[in-house]
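Q:
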Amino acid sequence: MTRGRTLGRSFYARDVLTVAPELLNKVLVHDDAEAGRLAMRIVEVEAYLGRDDPASHAYRGPTRRNATMFGPPGHLYVYFTYGMHWCANLVCGPVGRASAVLLRAGEVVAGVELARSRRPAAKRDVDLARGPARLASSLGLSGVHDGLDVVGSGPLRVLEGTPVPSSDVRTGPRVGVSGPGGVPPWRFWADGEPTVSVYRPAIPRRRASRA
DNA sequence: CCGGTGATGGACT
DNA sequence: GTCCATCACCGGA
Numbered sequence: 003m004t005r006g007r008t009l010g011r012s013f014y015a016r017d018v019l020t021v022a023p024e025l026l027n028k029v030l031v032h033d034d035a036e037a038g039r040l041a042m043r044i045v046e047v048e049a050y051l052g053r054d055d056p057a058s059h060a061y062r063g064p065t066r067r068n069a070t071m072f073g074p075p076g077h078l079y080v081y082f083t084y085g086m087h088w089c090a091n092l093v094c095g096p097v098g099r100a101s102a103v104l105l106r107a108g109e110v111v112a113g114v115e116l117a118r119s120r121r122p123a124a125k126r127d128v129d130l131a132r133g134p135a136r137l138a139s140s141l142g143l144s145g146v147h148d149g150l151d152v153v154g155s156g157p158l159r160v161l162e163g164t165p166v167p168s169s170d171v172r173t174g175p176r177v178g179v180s181g182p183g184g185v186p187p188w189r190f191w192a193d194g195e196p197t198v199s200v201y202r203p204a205i206p207r208r209r210a211s212r213a
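Using the working numbering, the first residue of the first sequence is number 3, and each one after it goes up by one.
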C-alpha cells in the first residue's frame with residue numbers, strides 16, 4: 003500500500019484548516035536506510051494556526067526549537083516533549099505563517115513488524131500509532147528529522163489516498179492543550195476509525211513535590 | 001473499562 | 001522555577 007502520487011508543495015501551501023482534514027487517509031512513508039520502509043495512513047490530525055494561536059509553539063515568535071514552523075510548507079516539524087517523546091507536524095500555509103498540522107494517530111499499512119519492534123509496549127496493532135508520540139515512534143521519527151522536506155526525493159513523503167467524504171469527517175477540541183480553547187474545529191478524524199486517540203481534557207498537573 | 005500518577009528533560013519566563 | 005501538543009502502568013470497578 004505504498005503506491006500513489008506524492009503530494010506536491012502546493013498541497014501544503016494552503017490554509018491549515020483546509021489542509022488538515024484533507025490529510026486524512028493520506029499515507030506518510032518513511033524509508034529508513036537501515037530499518038526499511040514504514041507507511042502510515044493518517045487517521046487523526048490537529049491544526050495549529052501559528053502566531054495567532056495561543057496553543058501553538060509559534061505563538062511567541064520564532065525560536066530555535068520552532069524554526070521549522072516559520073519556514074516553507076511541506077516540511078516536517080518534529081519536537082521533543084515531556085522529556086521523552088517526539089511528535090511530528092506538517093508545516094502548512096505560506097512562509098512565515100508558522101501554521102502546522104500535528105499528526106495525532108495513524109494506521110500502519112506497511113512495515114507492521116518494524117513498528118512492533120519500535121513500540122514493544124503496544125499490546126495490539128491498533129495501539130501502534132494511537133497518539134502523536136506513539137505515531138512518531140512507530141515511524142522512527144526523532145529530532146534528526148526536524149526540518150526535512152516531505153516534497154521530492156527525501157526519505158519522507160506523503161502519498162495521495164482515498165479522500166474521506168466531508169460527511170464522514172468529525173471535528174472536536176484539541177487534546178492536551180490548556181488555555182483558551184478557541185472556536186475553530188481544531189481536531190479532525192474520520193468517522194469509525196478505531197485508531198483515533200482518546201480525548202482527554204487538558205488538566206495541568208503539578209510536578210510531584212519532593213519529600 | 002476508568003482515573004490517578006511517575007517518568008524525564010528541554011524550552012521558556 | 002514552571003510548564004509541557006504524552007505515555008505506560010497500576011489499582012479499582
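Every residue gets a Cβ at the ideal spot worked out from N, C-alpha and C, and that includes glycine.
Near Asn68, what residues of its chain come up, given a Cβ to Cβ distance below 6 Å and the 5 sequence neighbours on each side ignored?
A: His59 and Ala60
Q: Secondary structure at Met42, three-state DSSP: helix, strand or coil?
A: strand
Q: If you check the beta carbons only, do Arg189 and Glu46 fall under 9 Å apart?
A: yes
Q: Is the distance from the Cβ of Ser139 to the Cβ of Arg121 below 9 Å?
A: yes
Q: By Cβ distance below 7 Å, which residues in the same chain neighbour Arg132 in space, the five residues on each side in sequence not counted?
A: Ala107, Thr197 and Ser199
Q: Less than 6 Å between C-beta atoms, sequence neighbours within five positions excluded: which residues of the same chain meet that for His87?
A: In the same chain as His87, and ignoring 5 residues on each side of it, the C-beta atoms closer than 6 Å to its own belong to Ala135, in chain order.
Q: Check each candidate in Gly156, Arg16 and Glu195 and name the one with the smallest Cα separation from Thr173.
A: Glu195
Q: Expressed to the nearest angstrom, what Euclidean distance is found between the alpha-carbon atoms of Thr83 and Leu158?
A: 22 Å
Q: DSSP three-state call for Thr65: helix, strand or coil?
A: coil
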